[in-house]
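Protein sequence lines, in the order shown, are assigned to chains C and A. This note's numbering numbers the first residue of the first sequence as 147 and each following residue consecutively. This note's numbering numbers the first residue of the second sequence as 330 and each following residue consecutively.
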Amino acid sequence: MTTPQSRSRVWRKLLLHRPALISLFVILAYVIAGAAVLCGWITVEHTDAAYGAPQIPGFGLSPEPDERVEDVAWYLSKIRIPLSSLKPEEALRSFPIKDLAAANVPVEELRQRLADADQQLVELRQIPDINTSVASGGSDGKQAIDQLRTLEQKSRELFTLAPDVSPTYRWIHLSLGTDRLGRSILLRAVYSIRVAILVGLVTGLLSVAIGAVLGLVAGYFGGWVDVVITWLYSTFASIPNIVLLILMVYIFREGTIDEKINDLTGNLLKRLLGGVRLDETLVPVYVAFCSTFWIGPCRVIRGEALKLRELEYIQAARVLGYGRNRILFRHLLPNVSHLILINFSLLFIGAIKSEVILSFLGLGVQEGASWGLMISFAKDEVVNGFFWQIGVATVFMFGLVLAFNILSDGLQDILDPKHV
Amino acid sequence: MFFHLLTGVAGAVPWKYIVRRTLYCVPVYLGIVLLMMLALRVRDPVPAFMGKNATVEEIAQRRTEYGLDRPFFIQYGIFVGRILTMNFQQESWQQEGRTIGEILRGGLGPTLALTVPALFLTTIVSVSVALVSAWFRGRLPDRLLVISAVFGMSVSFLVYIIVGQYFLGFAIRGSTGAAPFAISGYESLQQTSFVEYATTKWPYYCLLPVMISVLVSMGYDTRFYRAVMVDESQRDYIVTARAKGASQPRIMFIHLLKNAMIPVITRVSISIPFLITGSFLLEMYFRIPGIGRALITAVFQADFPVVQAIAAVFAAVYLASNLLTDVLYAMVDPRVRLS
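Put into structure tokens, the structure is as follows:
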């Protein structure tokens, strides 16, 4: 594996393995999107702001007539609040809907238009069972839908697009619908890529690094080092995964651990994070995942190192008088690199999926959005038969996890064909 | 009987190996309890439970009451002693008047009602599907099964639960008026006879979570069993059987399945701790008062004695079932004993 020839052979095999190659490109696309979000393309404010009426379906589909009436009512109520404040001009400037601003007319006329629309809203709400009468296509239904359309037109005339937003952006923001707080599902799902990539990369890399070093050392040196490390991983492995996760996050809650670290290191943490508490960042999630995820790679790599240690080339290196570090990291490490790669991609999947469970328990990501937050937030929408948020989060997550599943299968085929 | 069957297949019970392996568990368990107790004390348990309004005296009083003011190693010794003597008499902080033992016993029934059928069904279904897949190896049914397993693995557990609960719990109720599955809740055996319970109450409360659990684990299990069977079907004895003129069903069910049982048994015994720890998510979501739910509620309420005891019991179960797996494996494959 170390010679340039064999390395190029692995690359050639990867290039010929079409599913693995495609999934590599998919992962790359996700990473680029995640990096773009990380650079400030989508911010936390974008994920928290209301963009439109709650639970609008995506793809510009229009909901049932009774829901359309309620959507109009939502828009009207949003403009009523600033209009009824003491200083309406000022209140209108900081508008509660992102992308939209109040129509550029005097306050008095806005009030007039609002009252007019309100009047019509009351009339529409009095129609009994508007959905069936519209669906039946009778004259009542036609009249009702015409009334609804004019009302929607009137409500639209109350707003204009905010000066820095183009109609295309507005359409994109609403393209996958809104959740039950009116937040844009697309923006939240894309923002979550950042969280997924961060959690996957950081925990994957860290736990593989810890596992590889400990496994190599244990396998190569044997003796008491091996006994200690085996004891350590048997111990960690005997605490059920989810219990350890919950305990770890529990420890970080409410900032007690921050004070301890600050006391011990002379306010190092405070200087590093600038007043942000640890449990507001992703650090507890990283620590929780790393403390359970290092076991798998450690066990596998220790087994492999035990086998490799007896091989001629390692013994030859020892006879040549090479130092321990050189043998460990120049001779052994490259020969377990396939295991490192495979384990990394398995852990990446594990991290993304466990994040969902932690978020459901309220222990995961605390601000912004993540697929886990979206899915657990969507459970009340599902009860109402609204599937856009859970669907979009699942599809986004499905793409990344599937790509990693296929990639790790491919890597296994290419690098470790003997594995069951 | 099971034991006889195994010794029949695998020869004598490796007592020496069992003793050695059991002795090895002792330092590991002591280590687990040590790590866990240390971790639980990073955030001071008493103020965490009593909140911001408690006075310093109240906190100090509770601390002495539960022996949390003593040196750590004395607390450690006492706790290990309690675990060894199975003494779970201490009272929970949150649910006053209930001992930890009562909480554990109360949670055991619902958890087992959920996990035992789930493990049983998952194993049977995935082994059968894997056999079908291995039978058609490389052809369309096999490919479809492999692809759907990978697809199924890429969707979050939580999505299965939410969607399953909606369609089989809410939507059926809404459209037909019949209610085959409870949306959430649980009823224990109480006065009803077992048969009556198993045919009426159990399916109502537990069948839906069990089905979801089977569906979720099937992806992983089927893939594993299929790999085992494909691997096994390339062995020489299969070629011999085929050359001898044995029919394909005979090869699959008599020759292959018997030899593929070893990894199946190992995998099932690895999942034994799951029987006790249960599926937290299912218990949380369907409001089934099992042990997993008891642990999570205790964590949220900062109910320190309960968290500590349940975590220690879980670790013990884990360790014991790992031991069982290793012993079974050593009986089936004598080469393991040497290492």
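Every residue gets a Cβ at the ideal spot worked out from N, C-alpha and C, and that includes glycine.
- Going along the chain, which residues of its own chain have a beta-carbon closer than 6 Å to the beta-carbon of M330 (chain A), five neighbours each way excluded? As a position in the second sequence, residue 330 (chain A) is number 1, starting the count at 1. Any reading at M330 (chain A) must be qualified, since the residue scores a pLDDT of 48, below 50, and its modelled position is unreliable; the value itself is stated next. Around M330 (chain A): no qualifying Cβ.
- Reduced DSSP secondary structure (H/G/I, E/B, other) of L246 (chain C): Here residue 246 (chain C) corresponds to residue number 100 of the first sequence, with the count starting at 1. In the structure shown, L246 (chain C) falls within a strand segment according to DSSP collapsed to helix, strand and coil.
- Task: Please confirm if A640 (chain A) has its CB atom under 8 Å from at least one CB of chain C.
- Result: Taking the first residue of the second sequence as position 1, residue 640 (chain A) is located at position 311. Yes - at least one Cβ of chain C is within 8 Å of the one on A640 (chain A).
- Query: From M147 (chain C) to V456 (chain A), what does the alpha carbon distance come to, in whole angstroms?
  - Reply: To locate residue 147 (chain C), count along the first sequence from 1; it is residue 1. To locate residue 456 (chain A), count along the second sequence from 1; it is residue 127. Unreliable placement is indicated for M147 (chain C), whose pLDDT of 45 sits below 50; the coordinate value is still reported in the next sentence. Their Cα atoms are separated by approximately 37 Å.
- Message: Buried or exposed, going by whether 16 or more other CB atoms sit within 10 Å of the CB of L611 (chain A)?
- Response: Numbered from its first residue, the second sequence carries residue 611 (chain A) at position 282. Residue environment analysis places L611 (chain A) among the buried positions, since at least 16 neighbouring C-beta atoms fall within 10 angstroms of its C-beta.
- Item | Inter-residue spacing [alpha-carbon to alpha-carbon] between D329 (chain A) and F523 (chain A) | Missing from the structure shown is residue 329 (chain A); chain A here goes from 330 to 668 and no further.
- When Cβ atoms are compared, which residues of the segment 417 to 433 of chain C fall closer than 9 Å to chain A? The segment 417 to 433 of chain C vs chain A, Cβ under 9 Å: nothing.
- Query: V357 (chain A) versus chain D: which residues are under 7 Å apart at the beta carbon?
  - Reply: Chain labels in this structure do not include chain D; the protein chains are C and A.
- Message: Just checking: is the beta-carbon of V453 (chain C) within a distance shorter than 8 Å of some beta-carbon in chain A?
- Response: Counted from its first residue, the first sequence places residue 453 (chain C) at position 307. What sits at residue 453 (chain C) in the sequence shown is Lys, not Val. Chain A, which has no Cβ nearer than 8 Å to the Cβ of K453 (chain C), makes this no.
- Message: At a CB distance below 8 Å, what residues from the segment 509 to 522 of chain C approach chain A? Give them in sequence order.
- Response: Near chain A, meaning a CB-to-CB distance below 8 Å, the residues of the segment 509 to 522 of chain C are W517, G518, I521 and S522.
- Can you name, in chain order, every residue of its own chain whose Cβ lies under 7 Å from the Cβ of S546 (chain A), other than the five neighbours on each side? Translated into positions along the second sequence, residue 546 (chain A) becomes position 217. Excluding residues up to 5 positions away in sequence, T451 lie with their Cβ nearer than 7 Å to the Cβ of S546 (chain A) in the same chain.
- Which residues mark the beginning and the end of the beta strand (DSSP E) in which T595 (chain A) is found? For the purposes of this step, residue 595 (chain A) is identified with residue 266 of the second sequence, where counting begins at 1. First-last for T595 (chain A): L586 to I599, but that is the alpha helix (DSSP H), not the beta strand (DSSP E).
- Taking the C-alpha atoms as reference points, what is the distance between L419 (chain C) and I403 (chain C)? Translated into the one-based positions of the first sequence, residue 419 (chain C) becomes position 273. Translated into the one-based positions of the first sequence, residue 403 (chain C) becomes position 257. Distance from the CA of L419 (chain C) to the CA of I403 (chain C), rounded to the nearest whole angstrom, comes to 14 Å.
- Within the 8 Å Cβ cut-off, does Y396 (chain C) reach chain A? On the first sequence, residue 396 (chain C) is found 250 positions in, with the first residue counted as 1. At least one CB atom of chain A sits nearer than 8 Å to the CB of Y396 (chain C).
- Along the beta strand (DSSP E) that carries L307 (chain C), what are the first and last residues, could you check? Sequence index remark: in the first sequence, residue 307 (chain C) carries index 161 (1-based). Segment F305 to L307, the beta strand (DSSP E) holding L307 (chain C).
- Cβ-based neighbour list, G436 (chain A), same chain, cut-off 6 Å, excluding 5 preceding and 5 following: Within the second sequence, numbered from 1, the residue matching residue 436 (chain A) stands at position 107. Apart from the 5 residues on each side of it in sequence, G436 (chain A) sits with its Cβ closer than 6 Å to the Cβ of G619, I620 and A623 in its chain, given in chain order.
- Message: Is the beta carbon of A644 (chain A) closer than 8 Å to that of I361 (chain A)?
- Response: Sequence index remark: in the second sequence, residue 361 (chain A) carries index 32 (1-based). Sequence index remark: in the second sequence, residue 644 (chain A) carries index 315 (1-based). In contact: I361 (chain A) and A644 (chain A) (Cβ atoms closer than 8 Å).
- Collapsed DSSP secondary structure at R329 (chain C) in the structure displayed: Position 183 of the first sequence, counted from the first residue, corresponds to residue 329 (chain C). Strand at R329 (chain C).
- Would you give the residue range spanned by the alpha helix (DSSP H) that Q569 (chain C) belongs to? Because chain C is modelled from 147 through 566, residue 569 (chain C) falls outside the range shown and cannot be assessed.
- Query: Where do the N-terminal and C-terminal ends of the alpha helix (DSSP H) with Y515 (chain A) fall, by residue?
  - Reply: Looking up residue 515 (chain A) in the second sequence gives position 186. That residue, Y515 (chain A), is in no alpha helix (DSSP H); it is neither H nor E in DSSP.
- Any residues in the segment 574 to 593 of chain A with a beta carbon nearer than 7 Å to a beta carbon of chain C? Which ones, in chain order? Per Cβ criterion, the list is empty.
- So what's A196 (chain C) in DSSP terms, helix, strand or just coil? Mapped onto the first sequence, residue 196 (chain C) falls at position 50. Assigned with DSSP and collapsed to three states, A196 (chain C) falls in strand.
- Message: Quick check on D526 (chain C): buried or exposed, where buried means 16 or more other Cβ atoms within 10 Å of its Cβ?
- Response: As a working mapping, residue 526 (chain C) is identified with position 380 in the first sequence. Exposed is the call here.
- In three-state terms, what does DSSP make of F387 (chain A)? Looking up residue 387 (chain A) in the second sequence gives position 58. According to the sequence displayed, residue 387 (chain A) carries Glu and not Phe. Residue state, collapsed to three classes: helix.
- Query: Would you call W157 (chain C) buried or exposed, if buried means 16 or more other Cβ atoms sit within 10 Å of its Cβ?
  - Reply: The count along the first sequence starts at 1 and reaches residue 157 (chain C) at position 11. By the neighbour-count rule (16 or more Cβ atoms within 10 Å), W157 (chain C) is not buried but exposed.
- Is the number of C-beta pairs between the segment 501 to 508 of chain A and the segment 577 to 586 of chain A that are closer than 8 Å three or more? No, they do not touch.
- Query: From the beta carbon of M330 (chain A), is the nearest beta carbon of chain C less than 8 Å away?
  - Reply: In the second sequence, counting from the first residue as 1, residue 330 (chain A) sits at position 1. Reliability of the predicted coordinates at M330 (chain A) is poor, the pLDDT of 48 falling under 50, and no value is obtained from them.
- Item | CA-to-CA distance, S650 (chain A) to Y346 (chain A), given in whole angstroms | If you number the second sequence from 1, residue 346 (chain A) lands on position 17. If you number the second sequence from 1, residue 650 (chain A) lands on position 321. Spanning the two alpha carbons is a distance of roughly 16 Å.
- Task: Helix, strand or coil for E420 (chain A), going by three-state DSSP, please let me know.
- Result: Reading the second sequence from its first residue, position 91 is the one you call residue 420 (chain A). Three-state DSSP puts E420 (chain A) in a strand.
- Message: Under 8 Å: do the segment 333 to 348 of chain C and the segment 266 to 282 of chain C share three or more Cβ pairs, one atom per stretch?
- Response: When Cβ pairs closer than 8 Å are counted between the two stretches, the segment 333 to 348 of chain C is seen not to touch the segment 266 to 282 of chain C, the count staying below three.
- Query: Do you know offhand how far Y566 (chain A)'s Cα is from P343 (chain A)'s?
  - Reply: Position 237 of the second sequence, counting from 1, holds the residue named residue 566 (chain A). Position 14 of the second sequence, counting from 1, holds the residue named residue 343 (chain A). Each residue's alpha carbon lies about 28 Å from the other.
- Item | Positions along the segment 625 to 655 of chain A whose CB lies within less than 9 Å of some CB in chain C | Flagged, chain order: I625, V628, F629, A631, V636, I639, A640, F643, A644, A645, V646, Y647, L648 and N651.
- Item | Minimum C-alpha distance to D262 (chain C) - residue among C:D559, C:K300 and C:W187 | Position 116 of the first sequence, counting from 1, holds the residue named residue 262 (chain C). Comparing alpha carbon positions, the residue from C:D559, C:K300 and C:W187 closest to D262 (chain C) is C:K300.
- Query: Do the segment 426 to 445 of chain C and the segment 506 to 515 of chain C touch if we need at least three Cβ pairs shorter than 8 Å?
  - Reply: Contact holds between the segment 426 to 445 of chain C and the segment 506 to 515 of chain C, because three or more Cβ pairs, one in each stretch, are under 8 Å apart.
- Message: Measuring CB atoms only, is the segment 485 to 497 of chain A touching the segment 584 to 599 of chain A, in the sense that at least three cross pairs come out at less than 8 Å?
- Response: When C-beta atoms of the segment 485 to 497 of chain A are compared with those of the segment 584 to 599 of chain A, fewer than three pairs fall below 8 Å, so the two segments do not count as touching.
- At which residue ranges does the segment 437 to 506 of chain C contain complete alpha helix (DSSP H) runs of 4 or more residues, listed in the order of the chain? If we require 4 residues or more, the alpha helix (DSSP H) runs fully inside the segment 437 to 506 of chain C come out as 441 to 455, 458 to 465 and 483 to 506.
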